[in-house]
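Trainee:
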Amino acid sequence: MKGMRPMTEEQRTQELEYLMRRFGPKVRKIAYYYVRDRYQAEDIAQEVFCRVYRHLDRFRGESGYYTWIYRITVNLCKDYLRSAYFRRMIPWGEFRYLHDLKEREERMFEAVEGGELFQKVMDLPLKYRTVTALYYFEDMSTAEIAAVLGVKENLVRTRLCRARKILKEILARGEAYGRSQTRQPFEKS
1379 MKGMRPMTEE QRTQELEYLM RRFGPKVRKI AYYYVRDRYQ AEDIAQEVFC RVYRHLDRFR
1439 GESGYYTWIY RITVNLCKDY LRSAYFRRMI PWGEFRYLHD LKEREERMFE AVEGGELFQK
1499 VMDLPLKYRT VTALYYFEDM STAEIAAVLG VKENLVRTRL CRARKILKEI LARGEAYGRS
1559 QTRQPFEKS
């Protein structure tokens, strides 16, 4: 179905169902690696597949579906992190309540995703967290990660190397990255 060939509605629906089955769980995980909120990751994944459906007949086949879909995911995650919605202020009392709920949810999610090491990776700055999660948790090659993120492969390797160094230091000290530092409301990539 590649190559900007017009598709019937039935073909588009069948192709979308296949792509959702094949890539849906990974899209949700990648979105979670970026936004660190399971429900927002679900919303982003839904929007990813809405865009895939709308633009399916314009897919040129210059890369695989895999790379195309993950590129859409990364772009939507970055858009979300830059959005005013993400940076809005929440009243302190509501924040504490939401924080407690989010902590319980994250503990359950992390138990499934590998526990302590997974949390330490999720505590890394975004640029290191993303490449580390894609490489180790999603078994993507450095070339695939570079294509998805739209960066050079050498940059991916450099970030992986730096992430490993940070993780070794964290594990040696037995603490999470940045826990002793003041946290910013959002991270720059």
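Take 1379 as the starting number for the sequence shown in my numbering and just add one per residue. Every residue gets a Cβ at the ideal spot worked out from N, C-alpha and C, and that includes glycine.
Nearest CA to the CA of S1519: which residue from V1534, T1451, A1409?
Mentor: Answer by Cα proximity: V1534.
Trainee: Just verifying my parser: in three-state terms, what is the DSSP assignment at P1503?
Mentor: Three-state result, P1503: coil.
Trainee: Cutting at 8 Å between CB atoms, please list the residues of its own chain near L1454, excluding the five before and the five after it.
Mentor: Excluding residues within five positions, the ones whose Cβ falls inside 8 Å are A1409, I1422, E1425, V1426, R1429.
Trainee: For a test of the three-state rule: what should DSSP assign to D1457, helix, strand or coil?
Mentor: Three-state result, D1457: helix.
Trainee: My understanding is that D1358 touches R1390, with C-beta atoms under 8 Å, so please give their C-beta distance in whole angstroms.
Mentor: Residue 1358 lies beyond the residue range present for the chain, which begins at 1379 and ends at 1567; the question has no answer from this structure.
Trainee: Does the structure place the region 1504-1513 close enough to the region 1538-1547 that three or more beta carbon pairs sit under 8 Å?
Mentor: Yes, since at least three Cβ pairs between the region 1538-1547 and the region 1504-1513 fall closer than 8 Å, the two stretches touch.
Trainee: Would the beta-carbon of V1526 fall within 8 Å of that of Y1448?
Mentor: For V1526 and Y1448, yes; Cβs fall inside 8 Å.
Trainee: From which residue to which residue does the alpha helix (DSSP H) around E1516 run?
Mentor: Unbroken run through E1516: none, as it is neither H nor E.
Trainee: Under 8 Å by Cβ, that's how I've got L1545 and K1498 pegged, so tell me the actual separation to the nearest angstrom.
Mentor: Indeed, because the Cβ distance is near 6 Å, the residues count as touching under 8 Å.
Trainee: Taking the beta carbon of E1522 as the centre, do at least 16 other beta carbons fall within 10 Å, making it buried, or is it exposed?
Mentor: Looking at its Cβ environment, which holds 16 or more other Cβ atoms inside 10 Å, E1522 is buried.
Trainee: Thinking just about the alpha-carbon of each residue, which of E1494, Q1392, M1398, P1403 is nearest to the one in E1516?
Mentor: Minimum Cα distance to E1516 is reached at P1403.
Trainee: So Y1411 packs on A1524, CB below 8 Å; how close in whole Å?
Mentor: The Cβ separation is near 16 Å, so there is no contact.
Trainee: In whole angstroms, what is the alpha-carbon distance linking E1386 and V1405?
Mentor: Before going on, a small fix: residue 1386 reads as Thr here, not Glu. Distance between the alpha carbons of T1386 and V1405 is about 25 Å.
Trainee: By a C-beta neighbour count over all protein chains shown, 10 Å radius and 16 as the cutoff for buried, is A1419 buried or exposed?
Mentor: With 16 or more other Cβ atoms within 10 Å, it is buried.
Trainee: Please determine, among R1414, T1445, A1550, the residue with the shortest C-alpha to C-alpha distance to D1501.
Mentor: Of the listed residues, the one whose Cα sits closest to D1501 is R1414.
Trainee: Quick one: using the 10 Å Cβ neighbour count with 16 as the cut-off for buried, is R1551 buried or exposed?
Mentor: Burial call: exposed.
Trainee: Where R1537 and E1531 are concerned, what is the direct C-alpha to C-alpha distance, given to the nearest angstrom?
Mentor: Computed Cα separation, rounded: 10 Å.
Trainee: Using the three-state DSSP reduction, which class does G1442 fall into: helix, strand or coil?
Mentor: In this structure, G1442 counts as coil in the three-state DSSP scheme.
Trainee: Could you give the distance in angstroms between the alpha-carbon of E1547 and the alpha-carbon of R1432?
Mentor: Rounded to the nearest angstrom, the two C-alpha atoms are 45 Å apart.
Trainee: Please list, in chain order, all residues of the same chain as T1445 whose beta carbon is under 8 Å from its beta carbon, the five residues on each side excluded.
Mentor: Closer than 8 Å at the Cβ level, and outside the excluded window around T1445, lie E1522, A1525, V1526.
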